[in-house]
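Sequential numbering of the sequence shown, starting at 17, is according to our numbering. All residues carry an ideal CB built from backbone N, CA and C; glycine is no exception. Down below is the structure, laid out as structure tokens.
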Amino acid sequence: MQEFIHLHNHTHYSLLDAICTVDGLVNAAVENNMKAVALTDHGVMYGAMEFYKKCVQSGVKPIIGFEAYVTQSGNRFERSSKLRTKGSTSDIIDQDENDGLSNVNINYAHLILLAKNEKGYRNLIKLNTIAHKEGFYYKPRVDLEILEKYKEGLVALSACSNGVISCYIVRGDLKTARRMTGTYKDIFGDDFYLEIQNHSTIEPEKKVLKEMPKLAKEFGLKLIATNDVHYIKKEHAIAHNIYLHISAKQSKNSEPQDLTTNLRYGTDQIYFKSTEEMCELFREFPEALQSTLEVTEKCNLVLDTKTHHMPDFMIPAGSPAKTLDDYLKILANEGLKKRTTDVTPEIQERLDYELRIIEKMKFPGYFLLVQDFINTAKNRGILVGPGRGSAAGSLVCYALGVTNVNPLDYNLLFERFLNPERVSMPDIDVDFQDDRRDEVIQYVKDKYGENSVAQIVTFNKLAPRGALKDVGRVLNFPFQEINELTKLIPILFGKVKPLSECMEEVPDFSKYFNEGSEDKKIEKRAFFEYACILENLNKNSSIHASGIVVAPSDVMNYVPLSKVVGENNVFCTQYDMNQLEDAGLIKIDFLGLKELKVIGKTIELVNNKYGTDFTIDKIPLDDEKTYDLF
């Protein structure tokens, strides 16, 4: 029997465009006995590391890629409205619109890029980051120049009907289609494949299916069959359509749309089809099915998720230390003597034990980096918190001035902070007065390099209440009615109860869906099912409130960066806090607290009025008068 591998797949990291989760995508490959699967989100690599780990855990070969936007007029630096041109098929899509399968845009066309190996993966990162840093104009765009520069280790597919070849076929411009086919063959050689899709109801695809085999024969290239996967099951088509409309701006006077029949992408076929379904669709093109196996054999990416990439901490000139471990020991022992009047053998033993663990786990650079910017902040008069979380259990942190609480006084455990049996990056959260937090971050940038420091992405999700409100709004349910319904969703210990559990465990909540006529009950039940499908999907991205990543060199040598929408020249990592650790980078939480600013101002007022040198550290932790205030 003919085998097939899906190589064109989008997840909810294609924000407000696809509703597959990474888990759902990989699980679908497992359930369909596919030995590999690709991830090709639109213009981003947000989910790449999560996808890689899930595939490895599931015994599926991970093929990491993304669907690039390639400029078709000019280069990636151009920002001209002249780039927006009308095509023969339809008017150019609004640049704020999601990517429609039948829309054709001369400003940019699509190209699938897949990593064959680690070199290809690194080049994907560079291409993606450059698209955001240099080519962002409504979309993150690349051009032929950087495709040529970073082509090594990559496979390229010509993508959907908005693709780099197909968009000209759809317009009837076969001359340009031929020219561009030759151009991409020159760049990628035999690693360039002409992609064909068949979603049955999309007219532009029929033109592509007719002309693409001719181009393949003329240029000696191979066809490759894909399905533009945006959801896992066919029955998710309506929920997907609702998801596409969540961000849509709708006039108060506009007529309500029937989203159960009026599908924005014009088809309900962009789901994860079985091998049998794909073989039937492309029975006239068996070579296009075989090409998916050929590409799979070419792609053999293995990532190192164990090595930690620490920034280079320079030992000061004149220090007797030869290594970072030596320097850390010197600072820790000197600091302990300053902070403890009597260093007993027991105290020294605890310090030496912690230092041995830090050396064994190869984290001295991390501790030196953190103590450096904390003590620099203190020397500049910036208030720093006494320490929070498990780091307060470290005597080394106390000796270095990172924390201000002696863990031995409170029997705090070092192993809760750093455990050799559970190898993970140390995590020290640091509080600074909020009006000078940026000053500390700038110090780190100045010391390690502007491009070696970046903020971290985070994703806002469709939480249970938000899912109900958004789906209800899109389906024109009365606002007040849905608002009252969401108030019935309990929050226990800071966690919102999932919708499925609400239906089973919250009588007043389930009662709403069983009221009204039979037609109304059916309508409400459908509304609930759609909300459940969309629950916890990504809605948009933003910057993590406090997280900063520091790399040994340019961050884009390790992870992709993306433009922060609405900000000029602000970029963040595309991997979130969890994925960054798998990529081997250290992240530090620089928290800005207004309370520290208030305390600092109070100390300043006291010292100015009374001529003292009072500091907050002079108040003992067991001061009775302070407790009386509470």
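- The beta carbons of Leu-384 and Leu-347 sit closer together than 9 Å.
- Runs of beta strand (DSSP E) with 3 or more residues, each lying fully within the stretch 429-472, are found at 445-449, listed in chain order.
- A Cβ-Cβ distance of about 10 Å is found for the pair Ile-212 and Ser-177, leaving them out of contact under the 8 Å criterion.
- Here the C-alpha atom of Ala-84 lies approximately 19 Å from the C-alpha atom of Glu-134.
- Inclusion of Ala-44 and Ile-21 in the CB contact set at 9 Å is not warranted, their separation being larger than that value.
- Counting the other Cβ atoms within 10 Å of the Cβ of Phe-448 gives 16 or more, which makes it buried.
- Pairing Lys-77 with Asn-316 gives a Cβ-Cβ distance under 9 Å.
- When secondary structure is reduced to three states using DSSP, Ala-172 falls in the strand class.
- Around the Cβ of Arg-372, a 10 Å sphere holds fewer than 16 other Cβ atoms; the residue is exposed.
- In this chain, the alpha helix (DSSP H) harbouring Glu-640 covers 640-645.
- Here Glu-150 carries a coil assignment [DSSP, helix/strand/coil].
- In the DSSP annotation of this structure, the continuous segment of the beta strand (DSSP E) that includes Arg-157 starts and ends at 155-158.
- Around the C-beta of Ala-264, fewer than 16 other C-beta atoms lie within 10 Å, and the residue is accordingly described as exposed.
- Per the DSSP secondary-structure output, Val-86 pairs in a beta bridge with Ala-125, Val-158.
- Considering only Asn-144, Asn-48, Gly-136, Asp-57, the residue with the shortest C-alpha distance to Pro-576 is Asn-144.
- Counting the other Cβ atoms within 10 Å of the Cβ of Tyr-369 gives fewer than 16, which makes it exposed.
- Ile-363 is positioned such that its CB atom lies no closer than 9 Å to that of Cys-413.
- In this structure, Leu-399 is the residue among Gly-40, Gly-582, Leu-399, Lys-579 with its C-alpha nearest to the C-alpha of Val-614.
- Rounded to whole angstroms, the Cβ separation of Leu-239 and Ser-307 is 6 Å, and the two are in contact under 8 Å.
- Counting along the chain, Gly-563 sits inside no alpha helix (DSSP H); it lies in the beta strand (DSSP E) bounded by residues 554-566.
- Gln-590 is a Cβ neighbour of Val-60, given a cutoff of 9 Å.
- By alpha-carbon distance to Met-196, the top candidate from Asp-206, Asp-207, Phe-204, Val-180 is Val-180.
- According to the DSSP secondary-structure assignment, Asn-25 is paired through a beta bridge with Val-245.
- Within the stretch 309-379, the runs of alpha helix (DSSP H) that reach at least 4 residues and sit entirely inside it are, in chain order, 340-355, 361-376.
- In summary, Arg-481 is buried, with 16 or more beta-carbon neighbours lying within 10 Å of its beta-carbon over all protein chains present.
- Here the alpha carbons of Arg-366 and Phe-475 stand approximately 40 Å from one another.
- In the structure shown, Phe-630 falls within a coil segment according to DSSP collapsed to helix, strand and coil.
- In the DSSP annotation of this structure, the continuous segment of the alpha helix (DSSP H) that includes Val-72 starts and ends at 64-74.
- In the DSSP annotation of this structure, Asp-592 is not part of any alpha helix (DSSP H), being labelled neither H nor E.
- Between Arg-453 and Phe-587 the beta-carbon gap is near 19 Å, outside 8 Å, which marks them as no contact.
- Counting the other Cβ atoms within 10 Å of the Cβ of Gln-458 gives fewer than 16, which makes it exposed.
- If you draw a straight line from the Cα of Ala-407 to the Cα of Asp-450, it is about 21 Å long.
- Rounded to the nearest angstrom, the gap between the Cα atoms of Glu-150 and Phe-82 is 17 Å.
- Annotation: the continuous alpha helix (DSSP H) that includes His-256 extends over 253-261.
- Contact between the stretch 459-474 and the stretch 567-574 is present, with at least three C-beta pairs closer than 8 Å.
- Put simply, of Phe-152, Val-566, Arg-194, Ser-74 the residue whose alpha carbon is nearest the alpha carbon of Phe-389 is Val-566.
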